[in-house]
Amino acid sequence: MGAFLVKRMLFAVVTLFAVLTLVFIVVRIVPGDPAQVILGDQADATAIAALQQRLGLDRPIWEQYVSFLSGALRGDWGVSLVTGRPVIREILDVLPWTLELTAVSMVLGTGIGVPLGVWAAINRNRMPDYVTRIGSLIGLSFPPFVSAILLLIIFSLALRWFPVISGNRATPWAWFQSIMLPALNLGLIMAAYITRVTRSAMLEVMQEDYVRTARAKGVPWTVIVWRHALRNALIPIVTIVGLYLGILIGNSVLTEIVFNRPGLGKLIIGALNQRDYMMLQGMMVIYTLIVVVVNVLTDLTYALVDPRVKLS
Amino acid sequence: MSLSVHNALPAAPRRWPWLHSTVKAFNANKTSWLGLVIFLLVTLLALLAPWISPHDPLEQNVFAKLRAPFENYYLGTDYYGRDILSRLLYGAQISLVIGIASTVLALVLGSIIGILAGWYGGRFDIIIMQTMDMLLAFPSLILGLILVAMLGPSMTNIILAIALTSIPSFARIARAPTISVKQREFIDAGRALGFSDTRLMAGHILPNIFPEILVMGSMWLANAIRTEASLAFIGLGVKPPIPTWGGMIREGFENILDSYWLVLSPSIAILVVVFGLNILGDGLRDAIDPKLKGER
């Protein structure tokens, strides 16, 4: 297990550097001079030169790269061009909102998806299977903002069960009310995906010899399904849940906009609209960090679920 | 995956082997026909938009703002008094053009990368695929929206951004079957005859792995259409007043408190197309990958 984890950690470090390099390049592919773009066409040369100096754009590109990398790792992500506050402060202010939304959505997504997938697999080619397959395909067809708007229309505007603007955590009930719809939106779309993965993983495992052996020696059916088979099917599911985080983060941006909820989504849209390059750069760094951390967590879970990993 | 490639080879040469196997794939899961019909129908409507639209999609009727359906405004009008049905029909053109162009671009580039990685293997393969995995790990919508925001929201840039975010997936899909096909006898035979690597890859590997790539293509087309709509909803779509489905939902969402039905018709349009493409791809995948299919 030690060797496995060391290898995965090394990969995580390499990923971190590679993606940070990608971020550095992406922010610099802007056609024209960023300082010019930020200040607009009417800006005079001295103002542009001053801003260039402030952003470090007057230095050689490799020097910019080194200072960007060391800054990114030290938590010095520059200063927002709009508010003048350190980028990392702005991000840390709203990060908990997005993290709690993502966490609740993941719990909902796997909590709904895994049992549905198992149910579909053990009823293969019968009604429950068809219903879950069509249902999950419909779920996969929803762009996240469309489903979010529909939930908003039904539950907030028509039924008035939930507030239209969700960013209240004064009381536990208010917290629940404001997180429920956004998390449900993300969770249902994720569940559609997880259901399909669980179903095919279970179908595969159910054909294994040990399942037949267990049946032959009279192990109760529910024990076979939920203990023997699901335990082994969990390995691919864990991988997918980890990989799905990338999609979940993208979907959460759209969801946060629709439900007008504070978080990284609203921050990034604001930064895009105001051409706040420093903020965008910082946001990409935080997304990279989240992805890398989750990859490591996925690997740890892997080692927990699959005893074979411990041995190798 | 590898088994299906072996089985897909026809026992005896037929006149139209690819047509025969395509029809067989469609028949394996009848819902794929439904998906194909939905997609072709939407494509037809988009192509006919200039002739069947009841109104000019940009024409503003100042006397009929935010109206429910009336006269020949079959789906009502938006905030500027423009006909929603006409905008939907023209919006389909944008969705399809961006979706198809970006998917084809990603399919071609991704397949080339995947086949090269699978064919040459070794360190080259490891470096390429690790790079792809890193790209895959980064949230694709975020990467897409930052690229579009940096490059500017033009049609070409949106196509490029969406294509770039889906290249890694196509590379993964193309690589796996390449590795299994390259170990087969006919590749050795080709080598013995002195065929070049390029000829073997283009003439002998590609036709054998093409069905699998194409199936993923229909799934990714659905994804591309969804991504385009998401970008337009954020405000990074083709510039208004050109109608796009995502843009229409964006405009409708601004008036959601008093006229919530504005968002409904473009939402349903997106859902129908994406759902059609998804059942198309899902059915075809069952046909070429028997492992996932109901019965074995």
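Keeping their order, the protein sequence lines are chains A and B. Numbering follows my numbering, in which position 272 of the first sequence is assigned residue number 272; successive positions increment by one, without gaps. Numbering follows my numbering, in which position 16 of the second sequence is assigned residue number 1016; successive positions increment by one, without gaps. Quick reminder that beta carbons are idealized off the backbone N, C-alpha and C, glycines included.
What are the complete alpha helix (DSSP H) segments, minimum 4 residues, inside the stretch 177 to 221 of chain A?
209 to 216
So what does DSSP say about ASP129 of chain A, is it helix, strand or coil?
helix
Closer than 8 Å, Cβ to Cβ, to anything on chain A: give me those residues from the stretch 1275 to 1288 of chain B, in chain order.
PHE1275, ASN1278, ILE1279, ASP1282
Work out the CA separation of LEU16 of chain A and LEU93 of chain A for me, nearest whole Å.
A small correction: the amino acid at residue 93 of chain A is Asp; Leu does not occupy that position in the sequence shown. ASP93 of chain A and LEU16 of chain A: Cα-Cα distance of roughly 23 Å.
Partners in chain B for VAL26 of chain A, counting only beta-carbon separations shorter than 9 Å:
LEU1143, ILE1146, LEU1147, MET1150
Where ALA1137 of chain B meets chain A, residues with beta-carbon distance less than 7 Å:
THR15, GLY246, VAL291, ASN295
Within 8 Å of any Cβ in chain A, is that where the Cβ of SER1140 of chain B sits?
yes
Under 8 Å between C-beta atoms, does MET9 of chain A make it to chain B?
no
When B:TYR1120, B:TYR1090, B:PHE1138 are compared against ILE1052 of chain B, the one with the closest alpha-carbon
B:TYR1090
What do you get for MET1186 of chain B, buried or exposed, if any count of 16 or more other CB atoms within 10 angstroms of its CB means buried?
Note that residue 1186 of chain B is Phe in the sequence shown, not Met. PHE1186 of chain B is exposed by the Cβ-count criterion.
Measure from the C-beta of VAL146 of chain A to each C-beta in chain B and report whether the shortest distance is under 8 Å.
yes
Where are the alpha helix (DSSP H) runs, 4 residues long or more, that stay fully inside the stretch 19 to 105 of chain A, in chain order?
34 to 39, 45 to 55, 61 to 74
Look at PHE1275 of chain B and SER141 of chain A and say whether their C-beta atoms are less than 8 Å apart.
yes
Sequence-distant residues of the same chain with beta carbon closer than 6 Å to TYR1080 of chain B, five excluded per side:
GLN1060
Of the residues A:VAL253, A:GLY242, A:VAL285, the one placed nearest VAL107 of chain A, counting alpha carbons only:
A:GLY242
What does DSSP give as the partner residues of THR1077 of chain B in its beta bridges?
B:ASP1083
Near ASP1197 of chain B, what residues of its chain come up, given a Cβ to Cβ distance below 8 Å and the 5 sequence neighbours on each side ignored?
TRP1119
Taking only three categories from DSSP, how would you classify PRO1013 of chain B?
Its pLDDT being 49, under 50, PRO1013 of chain B is placed unreliably by the model, and the measurement read from it follows with that caveat. In the structure shown, PRO1013 of chain B sits in coil (DSSP, three-state: anything other than H, G, I, E or B).
List in chain order: all unbroken alpha helix (DSSP H) runs of 4+ residues lying wholly within the stretch 1104 to 1173 of chain B.
1122 to 1137, 1140 to 1151
Assigned secondary structure, PHE1070 of chain B (DSSP; H/G/I helix, E/B strand, else coil)
strand
Decide yes or no for the touch test of the stretch 1219 to 1234 of chain B against the stretch 1097 to 1104 of chain B: beta carbon pairs closer than 8 Å, at least 3 of them.
yes
Closest to LEU73 of chain A by C-alpha separation, out of A:ALA303, A:LEU300, A:VAL19, would be which residue?
A:VAL19
When Cβ atoms are compared, which residues of the stretch 1018 to 1042 of chain B fall closer than 8 Å to chain A?
none
Figure out for me which residue from B:THR1178, B:VAL1238, B:PRO1054 has the closest Cα to the Cα of LEU1206 of chain B.
B:THR1178
Terminal residues of the alpha helix (DSSP H) in which ASP1197 of chain B lies:
1197 to 1200
Could you tell me the alpha carbon to alpha carbon distance between LEU1044 of chain B and SER1154 of chain B, rounded to whole angstroms?
25 Å
Going by beta carbon distance, what residues of the same chain come within less than 7 Å of ILE1301 of chain B, once the five residues before and after it are set aside?
Since the displayed chain B opens at 1001 and closes at 1296, residue 1301 of chain B lies outside it and no answer follows.
Beta-carbon of ILE1205 of chain B versus every beta-carbon of chain A: anything under 8 Å?
no
Find out if the Cβ-Cβ distance for the pair LEU1147 of chain B, VAL87 of chain A is shorter than 8 Å.
no
State the start and end residues of the unbroken alpha helix (DSSP H) segment that holds GLN281 of chain A.
277 to 305
Keeping to the same chain, check which residues put their C-beta closer than 8 Å to that of SER1166 of chain B; ignore five residues upstream and five downstream.
SER1102, THR1103, ALA1106, GLY1110, SER1140, TRP1220, ASN1223, ALA1224
CB of LEU151 of chain A within 8 Å of CB of LEU184 of chain A, strictly:
yes
Coarse secondary structure for ARG261 of chain A, derived from DSSP in three states
coil
Coarse secondary structure for SER1259 of chain B, derived from DSSP in three states
coil
Element boundaries [alpha helix (DSSP H), containing THR1031 of chain B]
1031 to 1052
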